[in-house]
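Line order of the protein sequences matches chains A, B and C.
Oh and the first sequence: position 18 is 18 in this note's numbering, straight run, nothing missing.
Offset between the second sequence (1-based) and this note's numbering: plus 348.
Offset between the third sequence (1-based) and this note's numbering: plus 599.
Note that CB positions come from ideal geometry on N, CA and C, so glycine has one too.
Everything numeric in this text was worked out from a predicted model, so none of it was measured.
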Amino acid sequence: MAYNTQTLVHGDHGAIGKRRRGGDTGVVVGRALLAAGCIFLVMSPFVLDTSSLQISTQFLCLATIALMWNVLAGYTDIMTLGQHMFVGVGAYAFFGLTSLAGVQPYAAIALAGGVSLLFAVPVMFVVFRLRAAYLAVGTWVVAEVFLLIAGRLPGFGLGTGTSLPLNVAKAFGSNPGSRSIAIYLAALVVAAAAYSSTWLLLRSRLGIGLTAIRDNEEAASSLGVDLVKSRIFVFLWTTPFLGMVGAIAALQKMRISPQASFSFLDWTVFVIFIVVIGGIGSLEGPIIGSLIYFALRGYLGDLGTWYLIALGTISILVMLVEPRGIWAVVRRYIGQDIIPVSQRADPT
Amino acid sequence: MMTQQLPASSALEQMPDSHPLLTIRSLGVFYDQFRALSDIEFCVGAEEIVAVIGANGAGKTTLLKSIVGQSGTIDGEITFRGRNVVGQATARTIASGIALVPEGRRLFPSLTVEENLNLGWETGRKGEFTLDVLYADFPALAALRTRRAGTLSGGQQQLVAIGRALLANPELLLCDEISLGLSPRIVDELYEHVPRIRARGIAIVLVEQDISRALSTSDRFYCLLEGRVSLSGRSSQTSRETVAHAYFGSC
Amino acid sequence: MLMVDQILNVALQGVLLGGLYALFALGLSLSVGVIKLVNIAHGDLIVLISFALFYLTQPLGLPLPAAILIVLPLAFGIGYVLQVGLLQRVMTKGLLPPLLVTFGLSVIIQNGLLETFGADTRSIPGGALQTAAIRLSDQIYLGVLPTLTLVVAVACIYSLDLLIYRSRFGARLRAVADSPDTARLIGLPVNRIYATALGLVGITICAAALFLGLRMNFDPLSGPSRLIVAFEVIVLGGIGNLWGILAGAVLLGLAQSIGAEFDIRLQLLSGHLVFLLVLLIRPEGIFKQA
Numbered sequence: 001m002a003y004n005t006q007t008l009v010h011g012d013h014g015a016i017g018k019r020r021r022g023g024d025t026g027v028v029v030g031r032a033l034l035a036a037g038c039i040f041l042v043m044s045p046f047v048l049d050t051s052s053l054q055i056s057t058q059f060l061c062l063a064t065i066a067l068m069w070n071v072l073a074g075y076t077d078i079m080t081l082g083q084h085m086f087v088g089v090g091a092y093a094f095f096g097l098t099s100l101a102g103v104q105p106y107a108a109i110a111l112a113g114g115v116s117l118l119f120a121v122p123v124m125f126v127v128f129r130l131r132a133a134y135l136a137v138g139t140w141v142v143a144e145v146f147l148l149i150a151g152r153l154p155g156f157g158l159g160t161g162t163s164l165p166l167n168v169a170k171a172f173g174s175n176p177g178s179r180s181i182a183i184y185l186a187a188l189v190v191a192a193a194a195y196s197s198t199w200l201l202l203r204s205r206l207g208i209g210l211t212a213i214r215d216n217e218e219a220a221s222s223l224g225v226d227l228v229k230s231r232i233f234v235f236l237w238t239t240p241f242l243g244m245v246g247a248i249a250a251l252q253k254m255r256i257s258p259q260a261s262f263s264f265l266d267w268t269v270f271v272i273f274i275v276v277i278g279g280i281g282s283l284e285g286p287i288i289g290s291l292i293y294f295a296l297r298g299y300l301g302d303l304g305t306w307y308l309i310a311l312g313t314i315s316i317l318v319m320l321v322e323p324r325g326i327w328a329v330v331r332r333y334i335g336q337d338i339i340p341v342s343q344r345a346d347p348t
Numbered sequence: 349m350m351t352q353q354l355p356a357s358s359a360l361e362q363m364p365d366s367h368p369l370l371t372i373r374s375l376g377v378f379y380d381q382f383r384a385l386s387d388i389e390f391c392v393g394a395e396e397i398v399a400v401i402g403a404n405g406a407g408k409t410t411l412l413k414s415i416v417g418q419s420g421t422i423d424g425e426i427t428f429r430g431r432n433v434v435g436q437a438t439a440r441t442i443a444s445g446i447a448l449v450p451e452g453r454r455l456f457p458s459l460t461v462e463e464n465l466n467l468g469w470e471t472g473r474k475g476e477f478t479l480d481v482l483y484a485d486f487p488a489l490a491a492l493r494t495r496r497a498g499t500l501s502g503g504q505q506q507l508v509a510i511g512r513a514l515l516a517n518p519e520l521l522l523c524d525e526i527s528l529g530l531s532p533r534i535v536d537e538l539y540e541h542v543p544r545i546r547a548r549g550i551a552i553v554l555v556e557q558d559i560s561r562a563l564s565t566s567d568r569f570y571c572l573l574e575g576r577v578s579l580s581g582r583s584s585q586t587s588r589e590t591v592a593h594a595y596f597g598s599c
Numbered sequence: 600m601l602m603v604d605q606i607l608n609v610a611l612q613g614v615l616l617g618g619l620y621a622l623f624a625l626g627l628s629l630s631v632g633v634i635k636l637v638n639i640a641h642g643d644l645i646v647l648i649s650f651a652l653f654y655l656t657q658p659l660g661l662p663l664p665a666a667i668l669i670v671l672p673l674a675f676g677i678g679y680v681l682q683v684g685l686l687q688r689v690m691t692k693g694l695l696p697p698l699l700v701t702f703g704l705s706v707i708i709q710n711g712l713l714e715t716f717g718a719d720t721r722s723i724p725g726g727a728l729q730t731a732a733i734r735l736s737d738q739i740y741l742g743v744l745p746t747l748t749l750v751v752a753v754a755c756i757y758s759l760d761l762l763i764y765r766s767r768f769g770a771r772l773r774a775v776a777d778s779p780d781t782a783r784l785i786g787l788p789v790n791r792i793y794a795t796a797l798g799l800v801g802i803t804i805c806a807a808a809l810f811l812g813l814r815m816n817f818d819p820l821s822g823p824s825r826l827i828v829a830f831e832v833i834v835l836g837g838i839g840n841l842w843g844i845l846a847g848a849v850l851l852g853l854a855q856s857i858g859a860e861f862d863i864r865l866q867l868l869s870g871h872l873v874f875l876l877v878l879l880i881r882p883e884g885i886f887k888q889a
């Protein structure tokens, strides 16, 4: 069952031969916005209060996971419905490493990513026996298994979960204020690492192959791009980042539990909506989507169910009208990527 | 490139019946930005056999598909029995008397021969061809009726595809390369059916790559080159060499 | 003697559970086979119909047979409209859009039900039917409702088998499943056939919803777990194989039943583990594709 993303995500046909009037100004503005955003993110600990900082932390976590789902779905045609399992594994690993094994908490965040990667190998081995839609639901099933097993682990609080011990929290700061700054910075580092390394990956030889797959799988295959190896690599690539986000999320809540750490809603449902609305198959898409998510949450967040209904409806509309999301519309106007990934010449 | 096209009016004059069954004027067909056909003038009279000759990619299949409404964007005119069929749903066109034997047979492999044939009967007009009549005319088909279509040989599949189209009781039968991938002996056998089909009052358009066979079977012919008609005329009055020139576009 | 009876009962309950699971999987198998669509909202549609039946019988007080008569055409209509109004537009855009659309639909249905009915678990009252059981021995109970479920499941599979393989409509379904492009070329109304197929899926969903509601509790968020069951069943039984559905469902039911016997909380996990095991060893399922 081969995917055909030709119509879903293909090149900038809308701008063939034309430099839109918005063109260069648009790119400059976009890059300026991006730079300003980055500076703001770095300065946030000095500028924002604790609760705003915590929201920013959530933003960074979400943007990271969104990027990972997007890389899988947008560049290798793997739609996963189970990535929340790696987030949960990261959370539980973080707890296990710090509370049970006494590992230094900052290191534990990174190691949590490593544990997720380790688990990813057998998971991949199993789910890659399926393709396309079956693979998607298959990952969901495996995630369910992880959730159920996590709820049976003694030492991790069984079905109700448990709190992170205070000494772990204290390692990040002596008071809640400084802790939230430290956690925020950790999230910032993870997000920065995720985005910059993924950017480099996409610009590398492997990445060009991935972009080729994104545009036309059959053509890519006939050019010698190894689909199987690419898929395996990318699938594994995403998991450490998912794990680290899981660790940070556990830190923020100061708790692990099967339902919260392996939350399908938080780490898969919202993420998919974000990427779909923002734009699959680009680096800008997940960022835009995350921003929209938080903007909307400000207005609708209290009405949990209506928020979800709204997101779901918008996602469906996006699929009907412009499958490549908001970013695709913006990009048609601008004519270029703000974060340049592809090295192909723009057709003039 | 030698482009000799008889103007449409004189093509009409050469026909026994001056009211053609199918008329195509100024037909252009696009797929996205690719122009598959340009300025096609084409007509078929009742009970005529017209050949469409050309190399791969010349636009022959596109021409047939555009008649039944399964091609890209069309501009121009296609008139069948006086009515414009451009933009008409395929189901309606078939129900009004045009049937297609698609390129590559295109049977439904998991269905039996009889099920495949029945589908042709269900989507077409009701007329003299029923399953029993077809089996009587084509005993080879009757022998295969319960076999799954995917298990048949190429020649057998081609026969089923023709039978499926005939069961739609068409006035115009469009045959897209029925010789494709088949041995000459089998093709000879298939082509023996062509005059028998015409004898039942059905006009036939034969798409063919083999120039000789096309000329020897048809009354008139059109040669397509890169989406245009490069030559047309009466088959009996045209030499193979002349057509070959138009086929390859050599001067 | 006691031990054997116990084992037999566990096996029996597993088989009977398989009947219910087969009903869940029927609609999914049909949409996968004909429209080539794995409907992420499949479980949620079952729950939606269950709520419809609940609403008609509880607050509105209609007798169950009347409610069923109302809901059956409604379910057909939902399937038909879903195809024509929504899925038809995304089917041609690749394989990701239909998945994402049904995913969005799943979330919308869940939250819509939450808004309308609240988070409480519900069930469909079936009166004496729900508790009646035939006692075959000390340890072996043959519940009337579970048995009826299995019988209905087998009847549905049998009817579908007849419909798909021995009727004119079934030939059209299979033709469109073989090749929609060829079907269009010979003048078959492909979109209408797809829509009717999905309407048929709606009817099977109705059967699933009825017995789900009678046998178990459900709440607005129960959909995904039904989808997962249906999915596991069709992968276990072999995608595209009607009678394989029954085999896969019984296998899953048995796995869960045995797991539950050790510890009730192991029920779901046992099912998943057997599924993963079969996936590892024999990915094409128990029966190969028909």
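Item, Value
"Can you tell me which of the three DSSP states Ala101 of chain A falls into?", "coil"
"Using the beta-carbon of each residue, which ones in chain C are nearer than 9 Å to Ala150 of chain A?", "Those do not exist, as Ala150 of chain A stays about 11 Å from chain C at its closest Cβ, beyond 9 Å."
"In whole angstroms, what is the alpha-carbon distance linking Ile91 of chain A and Gly207 of chain A?", "In the sequence under discussion, the amino acid at residue 91 of chain A is Ala, which differs from the Ile named in the question. Cα to Cα, Ala91 of chain A sits roughly 29 Å from Gly207 of chain A."
"Give me the residue from A:Ser178, A:Leu147 and A:Phe294 with the minimum Cα distance to Ile256 of chain A.", "A:Leu147"
"Excluding the 5 residues preceding and the 5 following Phe768 of chain C in the sequence, name in chain order all residues of the same chain whose CB lies nearer than 8 Å to its CB.", "Leu762 and Thr795"
"Within the continuous alpha helix (DSSP H) that includes Ile552 of chain B, where are the two ends?", "Counting along the chain, Ile552 of chain B falls outside any alpha helix (DSSP H), though it belongs to the beta strand (DSSP E) covering Ala551 to Glu556."
"Leaving aside the five residues before and after Gly626 of chain C along the sequence, list all residues of the same chain whose C-beta is less than 6 Å from its C-beta, in chain order.", "Val800, Thr803 and Ile804"
"Within 10 angstroms of its Cβ, does Gly74 of chain A collect 16 or more other Cβ (buried), or is it exposed?", "buried"
"Could you give the distance in angstroms between the alpha-carbon of Ile65 of chain A and the alpha-carbon of Thr720 of chain C?", "32 Å"
"Would you say Gln418 of chain B lies against chain C (beta-carbon separation less than 8 Å)?", "yes"
"Taking Cβ positions only, does Asp346 of chain A come closer than 8 Å to chain C?", "Below a pLDDT of 50, predicted positions are generally treated as unreliable, and Asp346 of chain A, at 36, falls in that range; no measurement from the model is reported."
"Quick check: is the beta carbon of Pro323 of chain A nearer than 8 Å to any beta carbon in chain C?", "yes"
"Where do the N-terminal and C-terminal ends of the beta strand (DSSP E) with Asp387 of chain B fall, by residue?", "Phe382 to Val392"
"In three-state terms, what does DSSP make of Glu883 of chain C?", "coil"
"For the beta strand (DSSP E) that Ala732 of chain C lies in, which residues bound it at each end?", "Ala732 to Arg734"
"Counting only Cβ-Cβ distances shorter than 7 Å, please list the residues of the segment 785–801 of chain C near chain B, keeping chain order.", "Ile785, Gly786, Leu787 and Pro788"
"Is the CB-CB distance between Gly281 of chain A and Ser261 of chain A below 8 Å?", "no"
"From this set, A:Val28, A:Leu300 and A:Gly289, which residue's C-alpha is nearest Leu67 of chain A's C-alpha?", "A:Gly289"
"When the Cα of Ile78 of chain A is compared with those of A:Phe235, A:Ala169 and A:Phe40, which residue comes out closest?", "A:Phe235"
"Mind checking if Ser630 of chain C is an interface residue toward chain B, Cβ cutoff 8 Å exclusive?", "no"
"Taking Cβ-Cβ distances shorter than 7 Å, what residues in chain C pair up with Trp140 of chain A?", "Ile827"
"If you reduce the DSSP assignment to three classes, tell me which class Asp777 of chain C lands in.", "helix"
"Check the Cβ of Asn610 of chain B against every Cβ in chain C and list those closer than 8 Å, keeping chain order.", "Residue 610 of chain B cannot be examined here, being either before or after the span of chain B that is shown, 349 to 599."
"Does the beta carbon of Arg331 of chain A come closer than 8 Å to any beta carbon on chain C?", "no"
"When you check each C-beta in the segment 707–729 of chain C against every C-beta of chain A, which residues fall closer than 7 Å?", "Ile707, Asn710, Gly711, Leu713 and Glu714"
"What residue ranges within the segment 15–103 of chain A form continuous beta strand (DSSP E) runs of no fewer than 3 residues, ordered along the chain?", "none"
"As a quick exercise: from A:Leu135, A:Gly138, A:Ala143 and A:Ile109, pick the residue whose alpha carbon is nearest that of Phe172 of chain A.", "A:Ile109"
"How would you write the range of the alpha helix (DSSP H) that Glu714 of chain C sits in, first residue to last?", "Leu695 to Phe716"
"Going by CA-CA distance only, name the one from B:Ile422, B:Ile446, B:Arg431 and B:Val434 that's closest to Val553 of chain B.", "B:Ile446"
"Let me see if you follow: with CB-CB separation under 8 Å, is Ile442 of chain B close to chain C or not?", "yes"
"Mapping DSSP to helix, strand and coil, what is Asp266 of chain A?", "helix"
"If distances are taken between C-alpha atoms only, which option among B:Tyr539, B:Leu530 and B:Arg496 comes closest to Ala770 of chain C?", "B:Arg496"
"Between the segment 611–625 of chain C and the segment 831–848 of chain C, are three or more C-beta pairs nearer than 8 Å?", "yes"
"For chain B, check one thing: does any of its Cβ atoms lie closer than 8 Å to the Cβ of Ala774 of chain C?", "yes"
"Using a Cβ-Cβ cut-off of 8 Å, state whether Ile316 of chain A counts as contacting chain D.", "You won't find chain D in this structure, because its protein chains are A, B and C."
"Using 8 Å as the cut-off, can you tell me whether the segment 680–700 of chain C makes contact with the segment 776–796 of chain C, which would need three or more C-beta pairs spanning the two stretches below that distance?", "yes"
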